[in-house]
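Shown next, in structure tokens, is the structure this report addresses.
Numbering (the numbering used here), first residue to last: 108 to 453.
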């Protein structure tokens with residue numbers, strides 16, 4: 108017998124787990140709009156208070172993937188997503204978004220899943236739009252974009268129309284719920300490898316095991332000890348790595364790679380315009396912190412994508428892609444391709 112919403116709520120109140128298959132059934136009811144807003148809010152609150160388990164998150168993510176509009180990428184070799192949960196409160200420029208151009212220029216393919224800003228000053232969609240890209244491509248156009256230039260951006264509202272069912276409840280609640288950690292797990296292109304930043308140290312071990320359960324081939328889940336949802340320059344970074352079906356947890360330090368430590372507050376921006384300026388300074392190889400943190404994160408992405416043998420090797424490849432001008436050229440190619448595919452005059 109499927110769990111009723113009332114039974115699910117009672118479980119959370121008693122700090123008991125909703126098992127994977129029960130969560131799948133419950134989340135299907137929620138996404139179909141069959142659970143009242145009041146009950147949905149109560150269940151989301153209960154899950155948050157008791158803390159979501161690997162099975163609950165994996166079950167919910169499975170349903171969101173079911174309801175998504177898929178992007179069919181034919182050749183998925185070296186296909187990676189670089190994404191953060193956001194919510195780290197750091198308000199830095201778009202580091203993972205900058206990294207996609209470096210990673211694609213160095214030989215990987217990127218299926219980037221993102222949205223407008225929720226908690227930061229500038230979300231991935233905001234800065235890509237500021238750069239002139241068309242962010243609202245349909246699934247088949249995104250697949251074509253990946254084929255042509257090695258990068259596709261999947262704007263969450265286009266690919267997850269069923270999320271409209273919970274949008275009013277989430278907006279009214281105004282607090283973090285399981286949906287905040289589901290976004291990065293629901294890549295519509297089902298990228299086999301992922302570099303994911305998270306907003307809390309507990310999520311490193313949880314999310315990497317969720318990805319393992321969801322069938323990811325390789326993953327790096329990271330949290331900087333200064334609170335960043337990226338590999339950080341300001342502190343060591345906790346890492347959960349999935350490779351060959353095995354999870355390992357360890358720490359990385361910027362100085363391991365010859366990168367000097369620096370406070371993340373120096374990477375803060377007020378809006379998408381400031382974020383765009385930092386993004387361009389990194390891609391234009393201007394010495395400074397934006398360049399260093401992008402090299403570090405792009406290096407990790409190249410490692411998890413299987414292009415580089417190690418993070419250190421990835422950083423070398425990332426620096427070469429930037430210094431040669433290939434990363435900046437990749438940005439220009441991506442912007443032009445999105446506009447062509449959308450039918451706009453490039």
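We put the beta carbon where it would ideally sit given N, CA and C, even for glycine.
- For the pair residue 289 and residue 321, the Cα-to-Cα distance works out to about 12 Å.
- Per DSSP, residue 326 is not a residue of any alpha helix (DSSP H); the beta strand (DSSP E) it occupies stretches across 325 to 331.
- Collapsing the DSSP output to three states places residue 375 in a strand.
- At the C-beta level, residue 388 and residue 340 stay beyond 8 Å of one another.
- The three-state secondary structure of residue 218, taken from DSSP, is strand.
- The Cβ-Cβ distance between residue 215 and residue 409 falls below 8 Å.
- Residues 230, 232 and 233 of the same chain have their beta carbon placed closer than 7 Å to that of residue 223, with the five preceding and five following residues left out of the count.
- Taking 4 residues as the shortest admissible run, the stretch 362 to 426 contains the following complete alpha helix (DSSP H) segments, listed from N- to C-terminal end: 379 to 390 and 396 to 411.
- Residue pairing by DSSP places residue 199 opposite 375 in a beta bridge.
- Rounded to whole angstroms, residue 450 and residue 220 show a C-alpha spacing of 22 Å.
- 260 is the residue among 170, 149 and 260 whose C-alpha sits nearest the C-alpha of residue 444.
- Residue pairing by DSSP places residue 260 opposite 219 in a beta bridge.
- Membership of residue 187 in the beta strand (DSSP E) is indicated by the continuous run 186 to 191.
- Remark: C-beta atoms of residue 190 and residue 313 do not approach each other more closely than 8 Å.
- Note on residue 429: 16 or more other CB atoms within 10 angstroms of its CB, so buried under the neighbour-count rule.
- Between residue 178 and residue 218 the beta-carbon gap is near 7 Å, inside 8 Å, which marks them as a contact.
- Annotation: residue 169 is outside any beta strand (DSSP E); the continuous alpha helix (DSSP H) that includes it extends over 161 to 174.
- Residue 327 holds the alpha-carbon nearest to the alpha-carbon of residue 315 among 327, 307, 306 and 308.
- Counting the other Cβ atoms within 10 Å of the Cβ of residue 120 gives fewer than 16, which makes it exposed.
- Note that the C-beta distance between residue 355 and residue 344 is not below 8 Å.
- Residue 143 sits exposed, since fewer than 16 C-beta atoms from the chains shown fall within 10 Å of its C-beta.
- Between the alpha carbons of residue 367 and residue 279 lies a gap of roughly 43 Å.
- The DSSP-derived three-state label of residue 293 is coil.
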